[in-house]
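Below is one structure, written out as structure tokens; comments come after it.
In the numbering used here, the protein residues as written are -7 to 295.
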């Protein structure tokens, strides 16, 4: 299993009354593909997985397969309670996804052995590759993470918890246990801000929500990181990513809401967000517009 390049997490597009808009979704996917991505992860966190019905998840995946037509791998979110997660994994396999991002258990947690058993239960009888989303309430310790190697379809861990010390111990333990091909991902919101810290512990892959609305900035930052162009990375962080994160942190859910607002700002018909997510205020939208303009100005200068 190999997932290289910039990993994009498309938005799920809605009409004005927050119904699924698959035609707009096709256009949104094409915008990602035109900007050179390594894979698309549909109906995941940025794609409002928790707001979608099972039928909507299936419709999103099917339209993605039609649009992409084999150009890049398509992964899809699955999760919730154990039965819902298992049903989502089965749907992903039946409808031709290349893999699933298994989101953490819904509402409750349990002991470390229970987390491993949750993954085993969700993936039982399905051989589709799975990446485990490591975040509350599904936070794995090193020993439990090593036990994931015993589940054949598990190919990696995506860290959305943000404890670099813990992730260092997980990476080290899995490598020592023979998981040389096991994949690790930085899945924090606006992952570019923490990308260099994660690279230092061997986690080079990350998910880019920014690719949804300024793919040119996301792509240039990714290349700067890959090629050790530190001055370019610093400039984009200073003029775009750090101001964006400051705005993002003003309200819960803005990791998705601001991304969708940014896509609308740039002319994409993606619609609003479903509750309980909330929309930015008029003044926040004005700041977002200035942040995007500043990022694009910086991009023009660094080349």
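All residues carry an ideal CB built from backbone N, CA and C; glycine is no exception.
Worksheet item: Residue range of the beta strand (DSSP E) that residue 180 falls in?
Response: Unbroken run through residue 180: none, as it is neither H nor E.
Q | Three CB pairs or more closer than 8 Å across the region 37 to 51 and the region 238 to 255 | A | The answer is yes - the region 238 to 255 touches the region 37 to 51, with three or more Cβ pairs under 8 Å.
Check your understanding: Given residue 125, which residues of its chain have a CB within under 7 Å of its CB, disregarding the five upstream and five downstream residues?
Key -> Cβ within range, chain order: 93, 94, 95, 96, 150, 152, 179.
(request) Please work out which residues of its chain come closer than 7 Å, Cβ to Cβ, to residue 284, disregarding the five sequence neighbours upstream and downstream, and give them in chain order. (result) Closer than 7 Å at the Cβ level, and outside the excluded window around residue 284, lie 206, 254, 257.
- Task: Evaluate contact between the region 267 to 277 and the region 217 to 234, counting only Cβ atoms and requiring at least three cross-stretch pairs below 8 Å.
- Result: Here the region 267 to 277 does not lie against the region 217 to 234, with fewer than 3 beta-carbon pairs under 8 Å apart.
*asked:* Just verifying my parser: in three-state terms, what is the DSSP assignment at residue 173?
replied: If DSSP states are grouped into helix, strand and coil, residue 173 belongs with coil.
Q.
In chain order, what are the residue ranges of uninterrupted beta strand (DSSP E) at least 3 long that sit wholly in the region 49 to 93?
A. Qualifying beta strand (DSSP E) stretches, in chain order: 66 to 70.
*Alpha carbon to alpha carbon, what distance is there between residue 33 and residue -5?*
Distance between the alpha carbons of residue -5 and residue 33 is about 11 Å.
Open item on the list: Please report the straight-line C-alpha distance between residue 122 and residue 168, rounded to a whole angstrom.
Closed with: If you draw a straight line from the Cα of residue 122 to the Cα of residue 168, it comes to about 21 Å.
Among 261, 181, 133, 219, which residue has its Cα nearest to the Cα of residue 241?
Just measuring C-alpha positions, the residue of 261, 181, 133, 219 sitting nearest residue 241 is 181.
* Would a C-beta distance cut-off of 8 Å place residue 163 and residue 177 closer than the cut-off? -> Between residue 163 and residue 177, the C-beta spacing is not below 8 Å.
Next on the checklist: Can you look up residue 124 in the DSSP assignment and give me helix, strand or coil?
Outcome noted: Note: residue 124 maps to strand in three-state DSSP.
Worksheet item: In whole angstroms, what separates the C-alpha of residue 147 from that of residue 171?
Response: About 9 Å.
Ignoring anything shorter than 4 residues or poking outside the region 183 to 250, list the alpha helix (DSSP H) runs there in chain order.
Counting only runs of 4 or more, we get 187 to 191, 207 to 218, 222 to 228, 234 to 240.
Out of 63, 216, 78, state which residue places its alpha-carbon closest to the alpha-carbon of residue 30. Nearest option by C-alpha distance: 63.
According to DSSP, simplified to helix, strand and coil, what is residue 150? If DSSP states are grouped into helix, strand and coil, residue 150 belongs with the strands.
I need the DSSP call for residue 33, collapsed to helix, strand or coil. Looking at residue 33 - three-state DSSP - the assignment turns out to be strand.
Between which residues of its own chain and residue 138 is the CB-CB distance below 7 Å, once the five residues before and five after are set aside? Cβ within range, chain order: 165, 166, 169.
### For residue 130: DSSP bridge partner residues
DSSP, once it has assigned bridges, lists 127 as partnering residue 130.
**Request:** Note down the Cα distance separating residue 28 from residue 290, rounded to an integer number of angstroms.
**Result:** So the alpha carbons of these two residues sit roughly 21 Å apart.
- Query: Alpha carbon to alpha carbon, how far is residue 215 from residue 74?
  - Reply: Pairing residue 215 with residue 74, the inter-Cα distance amounts to about 39 Å.
Review point. According to the Cβ coordinates, are residue 20 and residue 262 closer than 8 Å?
Key: Between residue 20 and residue 262, the CB-CB gap stays under 8 Å.
Excluding five sequence neighbours on each side, which residues of the same chain lie with their C-beta closer than 6 Å to the C-beta of residue 252? Excluding the 5 residues flanking it on each side, residue 252 has same chain C-beta neighbours closer than 6 Å at 3, 262, 265, in chain order.
inquiry  = Just to confirm my understanding: we take residue 111, look at its own chain, exclude 5 residues before and 5 after, and list those with CB closer than 7 Å. What are they?
reply    = Spatial neighbours of residue 111 in its own chain (CB-CB distance under 7 Å, excluding positions within 5 residues in sequence) are listed in chain order as 94, 124, 140, 143, 146.
| Looking at C-alpha atoms only, which residue of 9, 209, 87 is the closest neighbour of residue 47? | Here the closest residue by C-alpha is 87.
**Prompt:** Can you tell me whether DSSP reads residue 107 as helix, strand or coil?
**Reply:** Correct three-state label for residue 107: helix.
So for residue 168, helix, strand or coil by DSSP?
Assignment of residue 168 by DSSP, reduced to helix, strand and coil, places it in the helix class.
If you measure from the beta carbon of residue 54 to each beta carbon in chain B, is any gap under 8 Å?
Reference to chain B is not applicable here, since this structure consists of a single protein chain.
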